């Protein structure tokens, strides 16, 4: 049997099975027999259309009756639907009508496409037209209903509409068959509605309208969804208002608009352009998107976005993805939009939202060769047709090549190939052509040429030729002494042995043959003195990526990245291990701008991290927990590497290192909490006692997190608090008590933090400092926390409270916790007994944790070490804050020491010396972590610091 007969046989088998199922449905037998040939054809091509036929006979009958499976006047059909919908008298009926129309028309569209009744261009246009119709019909109905209830929103010129921006493929009228829709909502002016008794502000009106519109489209009912709605492209993303007036929109894009937002806005299209305010909104957006002059920041930004795409290809291994993979649809879109950003300000004919006219115009302007454009368009529509076919099979948002034989047979038949393998061969050629065009886009300026001096030639010989040990030593004799050369020879010989035991493929071998001489050369140039210590570190990284040729290519094709890797590995065993374990970090070395001096304030750092995390999550569905967890971990790893690289380069002082690591943890905690809250409220609803935007939940950070002193690899000491009334329960379909809800929330947060994924653990979170420790509730009520601290807590727990602060939560809870903390810490205590308890606890800790057999100093636990300073600070707060309340103002040791001096408890000189001692010890401790070591080697500086701290300890506790 030929292959073509095989795919037809698979399709026919499923068609026959589905035809039998259709016999049992509510269709007249005569009608079925009359249309059997027509119907059977589609039953073998799409489970989605089959499901419509089996579950919605009225819809399916109407498709056949109007012959919509062959051709359609989409404009007329949409006009008729809009007219019918306007007469709908309830929101419930609105939701039903939207979903039935969507099912009807998408089934008809899939039928036309899968039987090749129309071009892919027509299909894209129709899909976008249907989306426009559904969105605007729902909007118009809901606007009218809201106006009847709240009044019509007014502005200086009369009634105010909400303008809806369609982004991405919707904006470009190139929507996928099964797709999210990216929207941004805006309205012209502030003001209020004209309700005669209870007018509301326009912002409130449009926010309510936007929420209802999103629900009308996004909500999953027994009839399904209309569209998955994504609002994350709006100003400030998820943290921004759902709707913004024109003035706020203009301020944002002028002052804070990012380059990637310019790129996204190229596709922005107003879905209700007939509004008299549409031209006003376009006038606001146009100067942000298109610059009248060619500025190099645009080219640099495009280059950065291109790097991000390449980075994602390496990290996610997006093989078999016809949208996101190498040579996929995204690369064609990026190609077109990049030229729009570069040239569109001067050449207004490029300011189109649709891809086809943009590419055609690039050829007409001779910016790109017409032949290349024609080929790119042909390849683009090939990919779009394949994508539509994949999605029309089962109405799923997928761009992954199928693994099951039925889908493979369908895509081969629809794409007009005799078998699936022939289709794959053609697809491979198409994607290779597209990727070649993508690679040529804004290529890197003046890539450094390999220095072809005699040393480099000898390094090539040392790796590529089978030389003896003596010959190897001779090759490098003018750079290395004989003993170092011999060690290097043995290390490289062992590495070759490792490679021989692993299959890395011909391409990997070829790239490694080029990379290794380069690596040896740069090592000898940069750090010959410790090359025998450095090479094993680099080999561990190379060994980890031998199966990932994209990373070998990255190092070979980017000499600056290779040099930076050598520098970092030479300085830090910890960084080496991070990169070895998580090769995705190599991408961070492409743009090491973070090595510049960064003396920014904490709020600015927080905002930067928040925005970067938001951008990294734009392509992640909020309910895709697995991918969210992976993205959080990758974000943390990348930021942590940037901080460490700045640290060892000397561009960040120790206090700023800890500040950044602490803020990084806070930003990630905020994202984790938000995800956990969303998951829990979707399942149980929110606790009923909460007002709008309240959570009734507080995360308190203790220890290094609380004291702004996180280090590399620090765990998080957390305590969770809530304020729910005892009788409160959730308001969802599945109700639980508020207490249970908050315990489940705490468990969920801990799971998201502690679980190990491919990118490791996010943070090791510890709840042992909560009331009653491991035997206590995971999340306690504020009153229970207060009672425990007042009546049951030990002195060491009050010491821990000194370094506690609120990380996130409702303002009322933040203030309530602050008051509880102050009351507990400012309680008057007997100084002699307090001093005795603190000293006793410190000695007990030292006896338990200090390793007296260690070969070096334990900077935390040794006498005169970090913990001694922390205990003195805690003693001063507990002993004297009833007299000097300012001692409880801050949770970090440096600022507390400053207040201790201002209170007159120690001299200014002693305070400065103590702060310097603390910073010195912490700096050495950080460097030990980066070096992969646990104990320090004593030197004059450390001995002087320890001597001073020990003296201050004795003075503080009146010890001889």
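In this note's numbering, the protein residues as written are 133 to 1092.
Where a beta carbon is used, it is the ideal one built from N, C-alpha and C, also for glycine.
Quick caveat: nothing in here was measured; it's all calculated off a predicted structure.
So, helix, strand or coil for residue 829, using DSSP?
strand
Once the 5 residues before and after residue 793 are set aside, which same chain residues still bring their CB inside 8 angstroms of it?
772, 775, 842, 843, 844 and 846
Quick one, are the C-beta atoms of residue 838 and residue 935 less than 9 angstroms apart?
Yes. Within cutoff.
Look at the alpha carbon of residue 343 and the alpha carbon of residue 294, and state the distance between them as a whole number of angstroms.
12 angstroms
Buried or exposed: which applies to residue 255, given that a residue is buried once 16 or more other Cβ atoms fall within 10 Å of its Cβ?
buried
Name the residue from 623, 537, 171 and 163 whose alpha carbon lies nearest to the alpha carbon of residue 148.
171
Hey, how far is the Cα of residue 165 from the Cα of residue 763?
54 angstroms
Measuring CB atoms only, is the segment 505–515 touching the segment 199–215, in the sense that at least three cross pairs come out at less than 8 angstroms?
Touching, no, given that fewer than three Cβ pairs across the two stretches are closer than 8 angstroms.
What does DSSP give as the partner residues of residue 324 in its beta bridges?
333
What residue range does the beta strand (DSSP E) around residue 319 cover?
312–319
Buried or exposed for residue 520, going by 16 or more other Cβ atoms inside 10 Å?
Buried.
What residues in its chain sit with their C-beta under 7 angstroms from that of residue 353, if we drop five residues either side in the sequence?
227 and 231
Rounded to a whole number of angstroms, what is the C-alpha to C-alpha distance between residue 140 and residue 554?
The alpha-carbon atoms of residue 140 and residue 554 are separated by roughly 15 angstroms.
Check residue 400 in the structure and name its three-state DSSP category.
Reduced to three states, the DSSP call for residue 400 is coil.
Over the uninterrupted alpha helix (DSSP H) stretch that includes residue 807, give me the two end residues.
786–816
Count the other CB atoms within 10 Å of the CB of residue 1056; is the residue buried (16 or more) or exposed (fewer)?
buried
Quick check: residue 305 and residue 463, are their CB atoms within less than 9 angstroms of each other?
no
So, is residue 264 buried or exposed, given that buried needs 16 or more other C-beta atoms within 10 angstroms?
buried
What is the rounded straight-line gap between the Cα of residue 962 and the Cα of residue 947?
28 angstroms
Distance check for residue 559 and residue 436, CA to CA, integer angstroms please.
Cα to Cα, residue 436 sits roughly 28 angstroms from residue 559.
Using a Cβ-Cβ cut-off of 8 angstroms (strictly less than) and excluding sequence neighbours within five positions of residue 987, which residues of its own chain qualify?
1067
What three-state label does DSSP hand residue 1068 in the structure shown?
Residue 1068: strand per DSSP, three-state reduction.
Among 348, 571 and 357, whose alpha-carbon lies nearest the alpha-carbon of residue 459?
571
Let me make sure I understand the geometry here. Which of 298, 246, 288 and 242 has the alpha-carbon closest to that of residue 268?
298
According to the neighbour-count rule (16 or more other Cβ atoms, all chains shown, within 10 Å of its Cβ), is residue 94 buried or exposed?
In this structure the chain extends from 133 to 1092, so residue 94 is not present and cannot be described.
Pair every Cβ in the segment 706–724 with every Cβ in the segment 666–684, then say whether three or more of these pairs are closer than 8 angstroms.
yes
Which one or two residues does DSSP pair with residue 854 in a beta bridge?
Note: residue 854 sits in a beta bridge opposite 829 and 913.
Does residue 580 pass the burial test, meaning 16 or more other C-beta atoms within 10 Å, or should it be called exposed?
Residue placement at residue 580 is flagged as unreliable, the pLDDT there being 38, under the threshold of 50; the coordinate-derived value follows with that caveat. Counting Cβ neighbours within 10 Å, residue 580 comes out exposed, since fewer than 16 surround it.
Within the same chain, show all residues whose beta-carbon is closer than 6 angstroms to that of residue 894, passing over the 5 residues directly before and after it, in chain order.
Annotation for residue 894: 764, 765 and 885 place their beta carbon closer than 6 angstroms to its own, counting only its chain and skipping 5 residues before and after.
To the nearest angstrom, report how far apart residue 247 and residue 573 are at their CA atoms.
In a straight line, the C-alpha of residue 247 is about 37 angstroms away from that of residue 573.
From which residue to which residue does the beta strand (DSSP E) around residue 360 run?
360–362
Label residue 610 either buried or exposed according to how many other C-beta atoms from any shown protein chain fall within 10 Å of its C-beta, with 16 as the threshold for buried.
exposed
Check whether the segment 965–985 touches the segment 848–867, counting contact only when three or more Cβ pairs, one atom from each stretch, lie closer than 8 angstroms.
Between the segment 965–985 and the segment 848–867 there are fewer than three inter-stretch CB-CB distances shorter than 8 angstroms, so the stretches are not counted as touching.
Could you say which of 388, 359 and 360 lies nearest to residue 372 if we only look at CA atoms?
388
Between the beta-carbon of residue 431 and the beta-carbon of residue 474, is there less than 9 angstroms?
yes
Quick check: the segment 593–612 against the segment 633–643, are at least 3 beta-carbon pairs closer than 8 angstroms?
no
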